[in-house]
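Read the structure below first, then the notes.
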Amino acid sequence: MSNVSAAPSRFYFGSDHAGRELKEILLAHAKNRGLAVEDLGTHTDASVDYPDYAEKVAREVVADPGSLGVLVCGTGIGMSIAANKIHGARAALLYNASTARLARQHNNANIIAMGGREIAPDQAITWFDIFVATVFEGGRHGRRLEKVARLEGS
Ligand code: RB5
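For the sequence shown, my numbering puts the final residue at 241, and the numbers step up evenly by one.
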């Protein structure tokens with residue numbers, strides 16, 4: 088797996104009801120930055136099931152190389168578990184600024200998951216910006232990700 092240096096081409100956003108508010112804050116921030124975004128829902132406060140949105144975002148990201156996904160539920164946990172069931176998805180649950188950087192630098196995550204009930208909007212925005220600004224390091228991390236990819240077929 089080689090270094091990824093190109094800027095992300097597009098961002099796919101998704102949330103359940105518990106993550107909708109933070110998803111919309113992040114979406115507005117990304118739009119203000121001039122990034123290409125697509126909002127795959129949910130769009131209301133009605134209770135919905137997070138796997139449906141994790142699947143939508145993960146399928147779009149995998150089908151659109153160079154794009155990234157942003158998933159928000161109450162904790163970010165359900166979204167990351169569900170998204171990682173899709174072949175080719177590498178979803179990382181962020182819990183601080185360091186994991187926002189390492190998710191990209193070491194894990195080449197193509198999706199980030201965050202907890203709308205757990206983190207403040209300004210933290211989430213900072214972590215999003217760090218993730219977007221970071222480049223995959225490749226090398227030994229590429230070898231490890233090749234091993235991770237092999238697990239998908241096992
Ligand atoms: C919804 O209440 C909540 O369970 C969901 O948003 C998420 O936190 C699951 O991981």
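C-beta atoms are modelled at their ideal positions from N, C-alpha and C, and glycine is treated no differently.
Residue i versus residue j: straight-line alpha-carbon distance, rounded
i: His193; j: Glu224; result: 6 angstroms
i: Cys160; j: Gly226; result: 33 angstroms
i: Val235; j: Gly106; result: 28 angstroms
i: Ile198; j: Ser134; result: 23 angstroms
i: Thr162; j: Ala200; result: 9 angstroms
i: Pro208; j: Tyr182; result: 13 angstroms
i: Thr221; j: Arg177; result: 16 angstroms
i: Leu122; j: Pro95; result: 9 angstroms
i: Leu238; j: Ala150; result: 20 angstroms
i: Asp132; j: Glu108; result: 9 angstroms
i: Ala93; j: Val124; result: 17 angstroms
i: Lys82; j: His228; result: This structure leaves residue 82 out entirely; the chain is present only between 88 and 241.
i: Ile206; j: Ser241; result: 35 angstroms
i: Pro152; j: His130; result: 26 angstroms
i: Arg97; j: Asp139; result: 20 angstroms
Residue i - DSSP class collapsed to helix/strand/coil
i: Gly203; result: coil
i: Asp126; result: strand
i: Val219; result: helix
i: Ile245; result: No statement about residue 245 is possible, as the shown extent of the chain runs from 88 to 241 and does not include it.
i: His228; result: helix
i: Ala247; result: This structure cannot speak to residue 247, because the chain is shown only from 88 to 241.
i: Pro95; result: coil
i: Thr186; result: helix
i: Ala133; result: coil
i: His193; result: coil
From the options, residue whose alpha carbon lies closest to that of residue i
i: Gly202; options: Asn195, Glu142 and Ile212; result: Ile212
i: Asp126; options: Ile112, Asp136 and Pro138; result: Ile112
i: Arg230; options: Asn195, Gly240 and Ala200; result: Asn195
i: Thr175; options: Thr131, Asp132 and Leu232; result: It is Gly, not Thr, that sits at residue 175 in the sequence shown. If we check each option's Cα against that of Gly175, Leu232 comes out closest.
i: Val148; options: Ile173, Asp139, Thr131 and Tyr137; result: Ile173
i: Ala141; options: Pro152, Asn171 and His130; result: Asn171
Per DSSP, the bridge partner or partners of residue i
i: Ala179; result: Ile199
i: Val159; result: Ser102 and Met201
### Task
Could you say if the region 92 to 105 and the region 151 to 167 meet the contact criterion of at least three C-beta pairs nearer than 8 angstroms?
yes
### Query
If you pair each beta-carbon of the region 214 to 221 with each one of the region 170 to 189, do three or more pairs fall below 8 angstroms?
yes
### Query
Would you say the region 162 to 180 touches the region 108 to 118, given that touching needs at least three Cβ pairs under 8 angstroms?
no
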